[in-house]
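The opening position of the sequence shown corresponds to residue 108 in the working numbering, with each subsequent residue numbered one higher. We put the CB at the ideal spot given by N, CA and C, even for glycine. Below is one structure; the comments refer to it alone.
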Amino acid sequence: MLLPALSKAKVRAQRIKCVGNLRQLAYGWKMYSGDNNDRLVSSYPGVGSLPIPAYLASWCYGNAESSGSAGSYFYGGADPRGIQAGLIWPYVKQLEVYRCPADNRSVRMGNSNAPIVRSVSMNSWLYGRSYGDPNGAWDYQSAVPPGNPAGTGRLKYRLFVKDTDVRIPARTWVLLDEDPLSINDGMMLVDMENGNGLVDLPSRLHDYGYGINFADGHAELYKFRDKGWAKSWSPGGPGANAKNADWQQIREVTSQATN
108 MLLPALSKAK
118 VRAQRIKCVG
128 NLRQLAYGWK
138 MYSGDNNDRL
148 VSSYPGVGSL
158 PIPAYLASWC
168 YGNAESSGSA
178 GSYFYGGADP
188 RGIQAGLIWP
198 YVKQLEVYRC
208 PADNRSVRMG
218 NSNAPIVRSV
228 SMNSWLYGRS
238 YGDPNGAWDY
248 QSAVPPGNPA
258 GTGRLKYRLF
268 VKDTDVRIPA
278 RTWVLLDEDP
288 LSINDGMMLV
298 DMENGNGLVD
308 LPSRLHDYGY
318 GINFADGHAE
328 LYKFRDKGWA
338 KSWSPGGPGA
348 NAKNADWQQI
358 REVTSQATN
């Protein structure tokens, strides 16, 4: 009797801590735009080799894959410098806030294990890149010059560049826990018209639930609506079809049609 009760208490405590972490990150995200003439920090991670190009303006850098490899994302998963190089770090200087307490991944470094330092990713539509928009595509690094918002106005769905672009802050998510099998860079793609469904997956670690925060500063726990589909998800597999309740749930709070 005692062990199941302790297990449930641990899960509840992890959920509370996770939501609290996300709330802190939402405040840091908001403070950045307040100090930068309303311009949002970019969700776009950038790719290449060190040093990080000066034109990038990402909220964080680094690859959070379970392998610990940096890949093309500048820093490996156990290297805190990826987070510390990000533009939110001056506002939230606590490494543990960037990692869900239910995420126990670690990698071998030298003679000991080191934890993967990040388990959250940012909404790609926050000054990062469009995805699944029938009117075209835009991403931060391909714009000329990088970050130039010219062309975002033609999109069917709103690509958020400034804080004032976020018309419904309580219904626009900023960061969420991404699943360990899905996470790599700091940007989570959400297809707005279901060409590929959920190619990136929110975390299943909270008993098929994930922490998520919003542009108004609040954070909560979302539960998967179709656990059978969530259990079967795998990287590179079918994302979701138009009837998938979990794709619909996250799509509804990702962006809005401009008209």
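| message | Does I275 come out as helix, strand or coil in the three-state DSSP assignment? | response | coil
| request: Just tell me which of N301, Y168, S149, Y151 has its CA closest to the CA of P158. | output: Y168
| field | Cβ shell of N376 (< 7 Å), same chain only, five flanking positions each side left out | value | This structure leaves residue 376 out entirely; the chain is present only between 108 and 366.
| field | Rounded separation between A277 and F321 - CA only | value | 6 Å
| Looking only at its own chain, which residues have a Cβ that is under 8 Å from the Cβ of T271, when we skip the five neighbours before and after it? | D145
| query | When you compare only the Cα positions, how much space is there between R206 and K124? | reply | 10 Å
| message | Determine whether the beta carbon atoms of Y234 and V204 lie at a separation below 8 Å. | response | no
| Within the region 205–266, ranges of the beta strand (DSSP E) (whole runs, at least 3 residues) | 213–216, 219–222, 227–230
| said: Nearest by alpha-carbon distance to N128: which of L262, T365, L328 is it? | reply: L328
| field | Where N128 sits in the DSSP three-state scheme | value | helix
| Check whether I190 and S228 have beta carbons under 8 Å apart | no
| query | Alpha carbon to alpha carbon, what distance is there between S213 and A177? | reply | 14 Å
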